[in-house]
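Below: the structure, in structure tokens.
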Amino acid sequence: MQNSEKPPNEPASAQMERGSYDLPSHDALSKILPEYLHLLKKPKSQTRKESVPQKKSKSELNRTFDVLSPLENPPMPDFKDDPHEGEVTEHQTKELENYRVAMHKMADDILALRSQVSVLESEKSQLRRDLSLHQDLLDDTDTDVMTKSEIADRIASLKFKVSSESSKAAAQKDRIQQLQNELIRKNDIEKEFVQLQRAHQQQQAVLKKYQARSGKISALEDTVHQQEKVIEKMEKILDAKLKERNKENSEKKKIGVKHKDAEELKRREIESVLAAENSRLREELHRLLNLPPAVIIQQPVQTHQPFSDSEKLELLTQLARAEGRIQTLEQQLKENSRQWGKEKQEMLTRLSEYEHGFARTSSMILLDLPVKSVTDSVLGHTRHRQLEPLK
1 MQNSEKPPNE PASAQMERGS YDLPSHDALS KILPEYLHLL KKPKSQTRKE SVPQKKSKSE
61 LNRTFDVLSP LENPPMPDFK DDPHEGEVTE HQTKELENYR VAMHKMADDI LALRSQVSVL
121 ESEKSQLRRD LSLHQDLLDD TDTDVMTKSE IADRIASLKF KVSSESSKAA AQKDRIQQLQ
181 NELIRKNDIE KEFVQLQRAH QQQQAVLKKY QARSGKISAL EDTVHQQEKV IEKMEKILDA
241 KLKERNKENS EKKKIGVKHK DAEELKRREI ESVLAAENSR LREELHRLLN LPPAVIIQQP
301 VQTHQPFSDS EKLELLTQLA RAEGRIQTLE QQLKENSRQW GKEKQEMLTR LSEYEHGFAR
361 TSSMILLDLP VKSVTDSVLG HTRHRQLEPL K
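Once you know that position 383 of the sequence shown is 383 in the UniProt record's numbering, the rest is easy, because the numbers rise by one and skip nothing.
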């Protein structure tokens, strides 16, 4: 470490050292190791804050960090409900043990370096005193008074001291270089320690994230169990409702079968009544159609008795009346057949509705069917439609 420039406020002794013997300044070690003294004065452990990655200046390269006390363990994180708790704890314990051993070694090295620095400072102070003494001797001695032998002895002694001091200065330079290399190595170790600490913090953050995720998974499992219980209850309720509906459907089917039988009986009764009425009307129509030829056939029997005008008029009126009765019977037959077709179609429609599940209720059946029976209605209708007999 050689400084070619002279600071303006440097003492004369320091200038002489640097100019004559190429020695370092008296405060070189205090500039290189400015922060080692507080480690001896304050050995208490302090919690280190999270280091922010930034570019350090040259004055901060030799800065050291507080060392935790070997008797005091760092706080361990609290793991709850973690399946890998044992492995994580063992891994963290090993890492902390490695950190602790490294810190102990660094502390021992720092203490050794402090002792060496103190020894070097004492030697440096002794050398300064010797230099100042020799300088005073040179300044105070008057060469005019001294003899040649004294001057030669003084020069020989000064040469010997200069050679010894130069050897000591070279040794001190080597020692300072070693200390600087040691400091650089310690700084590299410190950087590695900071990187390990950052990796440890990242692992802790990831571990917390996994713990939060495991907590969410447990909460989701509880929710799933509750939903399964609710689904089981709903299935029980649905089974009960289905059983009730099946019972109601079976009862409805029984009632529908009964109604179907009753409607079938009514339909058969209506068909029988309509068939009887139809046959009766056909017979009556056939009888009426056969009446005029009988009258015409009886005329030759009474040919020998000529008809009077009144008899002819009466016969014509009877013939007209018979023709009118035939027409009315034909119309009545048509109306009855049409009504019978409508009733048959209605019965078929009801039957198809019942077969396809559109069964009518009891109230609808009561409203649709008349109060009187079908036979009474048909017979009463035909009774009112009966014609008067021929005169």
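Note that CB positions come from ideal geometry on N, CA and C, so glycine has one too.
Closest by CA to SER164, which one among SER308, GLN332, LEU315 and LEU131?
LEU131
Compute the Euclidean distance between the alpha carbons of LEU224 and ARG245, then round it to the nearest angstrom.
Going by the sequence as given, residue 224 is Val instead of Leu. Each residue's alpha carbon lies about 31 Å from the other.
Inter-residue Cα distance where the pair is residue 409 and GLN178
Residue coverage of the chain in this structure runs from 1 to 391, which leaves residue 409 outside it and unanswerable.
In the DSSP assignment, find the alpha helix (DSSP H) that holds SER310 and state where it starts and stops.
309 to 355
DSSP state of HIS286 mapped onto helix, strand, coil:
helix
Counted within 10 angstroms of its Cβ, other Cβ atoms place LEU238 as buried (16 or more) or exposed
exposed
CB-CB under 6 Å to ASP221, same chain, minus the five flanking residues each way: which ones, in chain order?
It should be pointed out that residue 221 corresponds to Glu in this sequence rather than to Asp. Around GLU221: no qualifying Cβ.
As assigned by DSSP and simplified to three states, the class of GLN147
Checking the sequence, you will find Thr at residue 147 rather than Gln. Coil.
Could you check whether the segment 345 to 354 touches the segment 273 to 281, counting it as contact only if at least three pairs of C-beta atoms, one from each stretch, sit closer than 8 Å?
no
Under 8 Å, with one C-beta from each stretch per pair, do the segment 169 to 186 and the segment 105 to 118 reach the 3-pair mark?
yes
In whole angstroms, what separates the C-alpha of ILE189 from that of ARG129?
38 Å
Quick one: what's got a C-beta closer than 8 Å to LEU329's C-beta in the same chain, skipping five residues either side?
LEU281, GLU284, LEU285, LEU288 and LEU387
Taking GLU87 and HIS200 to be in contact with their CB atoms under 8 Å, please state how far apart those CB atoms are, rounded to whole angstroms.
Incorrect: roughly 15 Å between the Cβ atoms, too far for contact.
What are the start and end residues of each continuous alpha helix (DSSP H) run of 4 or more residues lying completely inside the segment 165 to 197, in chain order?
none
Cβ distance (whole Å) where ALA102 is taken to contact PHE193 below 8 Å
7 Å
Roughly how many angstroms lie between the CA atoms of ASN187 and ARG213, to the nearest whole one?
39 Å
Using three-state DSSP, classify LEU367 as helix, strand or coil.
With a pLDDT of 44 at LEU367, under the threshold of 50, the predicted position of this residue should be treated as unreliable, though the coordinate-derived value follows. If DSSP states are grouped into helix, strand and coil, LEU367 belongs with the helices.
So is VAL273 buried or exposed if we call it buried at 16+ other beta carbons inside 10 Å?
buried
So LYS191 packs on LEU127, CB below 8 Å; how close in whole Å?
That belief does not hold up - the Cβ atoms of LYS191 and LEU127 are roughly 35 Å apart, past 8 Å.
Reduced DSSP category for HIS200 - H, G, I as helix; E, B as strand; rest coil
helix
Suppose you measure from the CA of THR89 to the CA of GLN197; what does that come to, to the nearest Å?
16 Å
Rounded to a whole number of angstroms, what is the C-alpha to C-alpha distance between VAL230 and LYS254?
36 Å
Going by DSSP in three states, residue 405 sits in which element: helix, strand or coil?
No answer is possible for residue 405: the residues shown for the chain start at 1 and end at 391.
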